[in-house]
Every structure is written in C-alpha cells, then in structure tokens.
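Just so you know, we're using this note's numbering here: the sequence shown kicks off at 2 and counts up by one. Below: the structure, in structure tokens.
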Amino acid sequence: MSNFDNSSEQQIIRIKKLYKLKSLGIDPYPAKEYEISHLIGTIKFIDKKKICIAGRLIRLRILGKASFGEIQDHTGRIQSYFKNFSYSSYSSITDKEKPNFYNIFFKQRLIDIGDIIGVEGFLFKTKMNEITIYVQEFTLLSKSLRPLPQVKVDNKNKKIYDAFSNIEQRYRMRYVDLIVNDHVKNIFLIRTRIFKEIRNFLDQKGYLEVETPILQSIPGGAIARPFKTYHNTLGIPLYLRIANELYLKRLIIGGFHGVYEFSKNFRNEGMDRMHNPEFTVLELYVAYKDYYWMMNFTEQLMKYLYEKILETNEIYNFQNNFVTLQSSFPRIPIIESIQQHTGFNIQNMNINELIEICKQLKIEVKQEISKAKLIENIFKEKCETNYKYPTFITDYPIEMSPLSKQHRQNPNLSERFELIINGTEIANAYSELNDPIDQLNRFRKQMKLSDKEKDESMFLDQDFIRSLEFGMPPTSGIGIGIDRLVMLMTKQNSIQEVLLFPQMRPEIKK
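As structure tokens, then:
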C-alpha cells in the first residue's frame, strides 16, 4: 500500500471498494479476453441482435431499482440501462448461489465513474428517443482508483464548469485529457488519418516508404544543434538525427526512383508554440524532377488531403476567415517578398548592409551571424505572417540553401521554395544539389559559419560526398512538417496540442 500513502479521501474510498469486490469473489482486473461485437460509433438502431461493447463509464445515474450509465470508447458514447443482469465472470458459482449483482454494483455503489466495463444486451429507445443498451450481462474489466474530472455543461447558458483545461495538467496527463475532452481525441484521430492518406497518395505514385537511422555518427541534412549520446560497445559518440535527408539521397543514388519516410527528428534548440525538440517530418525524394515539378505535386497533395480527410477545399485561418484551395498557389521570390513588406531591396547586399537594414527594422542582430541568417530573420519577422493563403516563397539566396542547386537563371539564387500557409512554414523543398565538388565546397563554407554561430552546428559527411561522386540523378526533395500540417488541419495554434506527449520539464512532486 506504500504507493497509496498520500491518497485522497476519494481514492481511499475506491480502494476500499476494490477490496470489497475481491471479498465477494469478483475480480476487478480479470485476465480473460472480453470479445466485443461493436465499436460504439458503429452501432445503429437497426442492429436488433445482441450488442456487446466495452468502454469507460463516464456518466452514472443511480435511480433505485434501475440505473442509467453512459459508456465511452474511442469512437463514441452510448447510454446503457441497468436493472437485472448477470455477471459473466462469476460462472464458478451455481445460479442459485449467485448474488444480486445490481444491488452489489449500483445500490451498494461499488461501481464508479471511470471504471472500465463490458456490457451485453439489446438496443431500445427511451421516451426521449435515445438509443440505449438494455444490459443483460455485465463485467467489470478494470476498477478505476482515481476519480475523473467531472465536466458539467450548461447548454441553456452555454457554459462549461469544472473543465479539465489547465494546459500543464492536460499535457502531463494526456490520458485524462483524452478521456474527458472529446475534441482532443478528434485531433489525434485526424493526425492518424493524415499519415494514412499521405501514404496512400505516395504509394499510388509508386514511391517506396523506407527507414533510415535515428542514431547517426554524423548528424547531417540541416543546420541545427543535435542531441548527443555515446555507444559503449563501439566507443564512439552518436547523435539523434536532425534530418534524414542525406540518407534518402543515398537511396536515390542507389537506384530507387522515389523514396519517402515519416522521420522523427530531434533538435536541441528552443521550445515555443511552433517548436518541440522532437518532431515529425515527411521527407520525399523523386529522381528526374525539379522544384517546379515539386510545387505542382505539393499543391495536389494538399488538395487531396483536405478533400479526403476534411471533405472540403477550404483552409481555416486563425482570424476566422477561410481561403479556398481551388486555384493555384502564388509563387513569390523571397527577395520580392522582402521588398514588398519592408521597402528594402536586399538583392546583392553584403553582410554589413544587411545588418544595417535589420537595425532599421528593429530586428535583433547577434554579434556573430551569417548573411543567410540575417535574410532569414528579416523574412521570418517582417514577411512570413502576411501569407495566409497557401503561397510558395521561392528562389532563396544561395547562402541560405547549402543543399540546393544553384538557380539556372541567376547564380546568386537557389532553386528552393517554402510553402507558407497561415503565416507558418509548412514545407521546404529544393532542386537537390548533385554536383559533389560544389556540395563539398558549400559544406566547408557552412562549417566555418557554424563555428561562429554557437547555437547551430554543421557537420561534414564525407561518405555522403563519396556517394555523390558515384552520380545522383537530377532530383527534387521536400520536407513537410507533419506536426504543423496537423495544426493547420485541426485549427490548433500550438504544436503541443497535436503531440500526444509534448516535451515538458519534470514534474515537481509536492
């Protein structure tokens, strides 16, 4: 009982009920399989045969000789009517010796809201025309020892009382959040469907889903600070991946036409409503394509997801306006965007000129900073939030894109785009650089810059350069932030809302 030394009064009462049930020969945690006939959300009144369901008891009205309860599973809720019923796991006792189970569970109140139960019976409609299961057989499947938050809804005055809404509690106890807040469960059902439909879309194109290492000896594919660990047997440091890009390109070199991966990435950087140290990205690479093709492909994918999952062609934004996906997405060069929203043409500016522009725009400038970072900060702070409608921001300065091909018409630019929706970057894509000599030189330049910028790291992957020397076909690649895509499609403004278990500081025990 040591784990329950600090139990609340309500917990102590439930623990006593637990032992009372055991003394009556009722196992509160039976091991035998409980076979259900329906998920609750699939039940229709035309189902005249017996219904067998299992779920959590979330409402209970004990009326005397009969009681009503509401049972919930991940697909929905249904009312149940309890009066005279048998107990399925009490078969060791003869019928004559069987006690009155309704009295035990309901009159003696040994059943509680939060208990997980199984019921079998037939459907009927109450006087209020509510579909209800008339319970003929009942089983307690798991006794709950902690009370659930009891959310009360005043429909008349449109008020909610005692809601489980504290953000820190919700994220720490996501299991409770999922039980009592239906809208939260729906977010993660949509998240699962997004994965499924992306897979369907890409598989129909003939692209191959693959897996690449999470533990890497050289973290590459992005400029970011990695998490570091150590492998005792090999005696070497290892890193949690910051990106999977370089491994997927190796597979294109190896001969696959198109490869993709839902990649768990890790970056040892800041946390806010748009960033979590562990996040999910879809990376896709297709041979013999360029970034113009990838823009068209991305439009098709976005329209497919909205129509398939949400059955709409409209994207919600947080100003309560809607934009349609019917027309093509605008394509705006980043230099043009910056000039439009700041009044400054930064084309061909050197680093000192960019620093002066940042000061005029009241953008913080760190002591050691690169030209690429200055341009990125100007765009992020003064331009990005203006793009509510899905927009491709294109043709980034070459300094900002060490893995992208030089623009075919302007050597100072790269063939790169970002997809911005609702003022947030959703995707990043390139015509991939496949010149090994150019790539090696760009890596070396980035390493010098990362030595100055202490909050970011760049590593030289010699094996990746070697792989390019065998020849990589012209390729286009894209990374789509799945967490941000889920935020967009479920109308959430915080990444923590779309992660089942967001990273948090350890809980302080009182």
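We treat Cβ as the ideally placed atom computed from N, Cα and C, and that holds for glycine.
Sequence-distant residues of the same chain with beta carbon closer than 6 Å to residue i, five excluded per side
| i | result |
| --- | --- |
| Ala373 | Glu400 and Met401 |
| Lys186 | Leu179 |
| Ile358 | Phe345 |
| Ile94 | With a pLDDT of 47 at Ile94, under the threshold of 50, the modelled position of that residue is not reliable, and the figure given next carries that caveat. Result list for Ile94: empty, nothing under 6 Å. |
| Leu249 | Val260, Glu284 and Tyr286 |
Cβ pair residue i, residue j closer than 7 Å
| i | j | result |
| --- | --- | --- |
| Thr395 | Ile188 | no |
| Ser143 | Gly115 | no |
| Phe107 | Ile63 | yes |
| Gly77 | Gly42 | yes |
| Phe444 | Leu247 | no |
| Gln80 | Glu131 | yes |
| Phe165 | Val181 | yes |
| Lys51 | Glu121 | yes |
| Pro412 | Ile376 | no |
| Phe202 | Leu302 | yes |
| Ala428 | Tyr292 | no |
| Tyr261 | Glu210 | yes |
| Gly424 | Glu385 | yes |
| Ser89 | Glu138 | yes |
| Gln361 | Pro403 | no |
| Leu111 | Leu22 | yes |
Own chain, CB closer than 8 Å to residue i, minus 5 neighbours either side, in chain order
| i | result |
| --- | --- |
| Tyr240 | Leu216, Gln217, Ser218, Ile219, Pro220, Pro227, Phe228, Lys229 and Thr230 |
| Glu508 | Arg173 |
| Phe380 | Ile335, Ser338, Ile339 and Ile394 |
| Phe1 | Residue coverage of the chain in this structure runs from 2 to 511, which leaves residue 1 outside it and unanswerable. |
| Glu212 | Glu262 |
| Pro100 | Leu25 |
| Lys449 | none |
Residue i burial status per 10 Å Cβ neighbour count (16 or more: buried)
| i | result |
| --- | --- |
| His408 | buried |
| Leu355 | buried |
| Thr234 | exposed |
| Ala67 | exposed |
| Leu25 | exposed |
| Gly56 | buried |
| Ser3 | Here the model assigns Ser3 a pLDDT of 44, short of 50, so the residue's position is not dependable, and the following value carries that caveat. Burial call: exposed. |
| Leu190 | exposed |
| Ser338 | buried |
| Thr140 | buried |
| Ala223 | buried |
| Ser92 | Per-residue confidence for Ser92 stands at a pLDDT of 49, beneath the threshold of 50, marking its modelled position as unreliable; no derived number is given. |
| Met129 | exposed |
| Gly65 | exposed |
| Phe125 | exposed |
| Asp273 | exposed |
| Arg332 | exposed |
| Tyr388 | buried |
| Asn245 | buried |
| Gly207 | exposed |
| Thr193 | exposed |
| Gly255 | exposed |
For residue i: DSSP bridge partner residues
| i | result |
| --- | --- |
| Cys53 | Glu121 |
| Arg78 | Gln73 |
| Asp273 | His276 |
| Asn314 | The partner list for Asn314 (beta bridge, DSSP) is empty, contrary to what the question assumes. |
| Gly424 | DSSP, once it has assigned bridges, lists no residue as partnering Gly424. |
| Gly229 | The identity of residue 229 in the sequence shown is Lys, whereas the question assumes Gly. For Lys229, which the question treats as bridged, DSSP gives the partners Tyr240. |
| Leu190 | Answer is none; Leu190 lacks a bridge partner. |
| Ser495 | Paired residues: none, contrary to the question. |
| Gly478 | Tyr286 and Tyr431 |
| Ile333 | Ile394 |
| Ile63 | Ser68 |
| Val324 | Ile316 |
| Lys126 | Ile132 |
Residues of its chain near residue i, where Cβ-Cβ distance is below 7 Å and the 5 sequence neighbours each way are ignored
| i | result |
| --- | --- |
| Phe502 | Arg175 |
| Leu500 | Asn277 and Asp484 |
| Ile422 | Ile316, Pro391 and Leu489 |
| Leu103 | The question names Leu, but residue 103 in the sequence shown is Tyr. The residues are Phe83, Lys84, Asn85 and Phe86. |
| Thr127 | Thr133 |
| Phe330 | Glu300, Pro391, Thr392 and Phe393 |
| Gln11 | Pro148 |
Cβ of residue i within 7 Å of any chain C Cβ
| i | result |
| --- | --- |
| Leu22 | You won't find chain C in this structure, because it holds only one protein chain. |
Pairing CB atoms from the segment 427 to 435 with CB atoms from the segment 464 to 484, are three or more of them under 8 Å? Of all C-beta pairs linking the segment 427 to 435 to the segment 464 to 484, three or more are shorter than 8 Å, placing the two stretches in contact.
Are the segment 241 to 248 and the segment 263 to 278 touching by the rule of at least three beta carbon pairs closer than 8 Å? Touching, yes.
Contact between the segment 284 to 301 and the segment 470 to 485 is defined here as three or more beta-carbon pairs at a separation below 8 Å; is this criterion met? Yes: the two stretches touch, three or more of their Cβ pairs being nearer than 8 Å.
Indicate whether the contact test is met: 3 or more Cβ pairs, each with one atom in the segment 411 to 420 and one in the segment 257 to 267, closer than 8 Å. Contact fails: fewer than three Cβ-Cβ distances are below 8 Å.
Cβ contact check for the segment 364 to 378 and the segment 303 to 313: 3 or more pairs under 8 Å: Touching, no.
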